[in-house]
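Taking it in order: structure first as structure tokens, then the write-up.
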Amino acid sequence: MLNQLINVFWTIVSFSLVGWYWGEFFSEKQSLWMLYIILVISVFSFNIPAKWISNLNLSTKTRTYELAGIRAMRWLVQDGMLVNRIQQKLGKKHKVISSRQSARSYLGKIAIQERYHYSCFVFFTLSAVSAIPAGKLQMALLITFWNIIYNVYPILLQQYNRLRIQKLLGQVERI
Numbered sequence: 002m003l004n005q006l007i008n009v010f011w012t013i014v015s016f017s018l019v020g021w022y023w024g025e026f027f028s029e030k031q032s033l034w035m036l037y038i039i040l041v042i043s044v045f046s047f048n049i050p051a052k053w054i055s056n057l058n059l060s061t062k063t064r065t066y067e068l069a070g071i072r073a074m075r076w077l078v079q080d081g082m083l084v085n086r087i088q089q090k091l092g093k094k095h096k097v098i099s100s101r102q103s104a105r106s107y108l109g110k111i112a113i114q115e116r117y118h119y120s121c122f123v124f125f126t127l128s129a130v131s132a133i134p135a136g137k138l139q140m141a142l143l144i145t146f147w148n149i150i151y152n153v154y155p156i157l158l159q160q161y162n163r164l165r166i167q168k169l170l171g172q173v174e175r176i
């Protein structure tokens with residue numbers, strides 16, 4: 002339940018900003034078509050081939066992600082450190098990975114979450130770009146900033162988690 006509350010919170014905050022922009026921009030008929038085009042492109046980006054996604058990884062070393070601030074991000078996400086601490090205080094054991102099978106299963110979950118954030122990244126980026134010719138530079142900057150928080154860092158977190166799990170499974174060299 003706590004994981005879902007965290008997801009709902011971040012999603013509402015993030016999409017409220019972009020929704021606010023599109024709500025302001027809807028006064029023009031062209032904006033509706035632009036929104037549809039951006040939505041279609043974003044949905045198609047969810048289906049990027051896995052090989053392409055693996056080419057987008059920041060690094061093959063967990064240390065690189067840690068230097069980028071991923072450890073701080075781990076406090077604020079589902080199945081993160083905050084959730085684990087709360088679960089422990091409530092006397093519940095909350096282990097995401099307890100076996101090799103659950104680790105492999107979690108890799109699948111990571112892939113879906115990463116695709117979701119790539120799709121949202123495309124939507125937020127194209128929304129920010131569309132704000133520039135509309136003369137809404139501050140909104141473009143705000144959407145870009147929030148895109149980094151809501152999409153870029155979660156993508157990096159999924160890449161980091163994948164490296165950690167692969168290391169556990171013995172699928173990569175020592176990092």
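Last residue of the sequence shown: number 176 in my numbering, and the count goes up by one each step with no gaps. Quick reminder that beta carbons are idealized off the backbone N, C-alpha and C, glycines included. These figures come from a predicted structure and were not determined experimentally.
For residue 66 against residue 59, the beta-carbon gap comes to about 7 Å, under 8 Å, which counts as contact. Residue 35 carries a helical assignment under DSSP once its states are collapsed to helix, strand and coil.
For residue 75, there is no enclosing alpha helix (DSSP H), as DSSP gives it neither H nor E. Per DSSP, reduced to three states, the secondary structure at residue 20 is helical. Distance from the CA of residue 32 to the CA of residue 143, rounded to the nearest whole angstrom, comes to 19 Å.
Taking a C-beta distance under 8 Å as the contact criterion, residue 156 and residue 108 do not qualify as a contact pair.
Annotation for residue 162: the continuous alpha helix (DSSP H) segment containing it runs 154 to 169. Collapsing the DSSP output to three states places residue 135 in coil. Where residue 52 is concerned, the enclosing alpha helix (DSSP H) starts and stops at 51 to 56.
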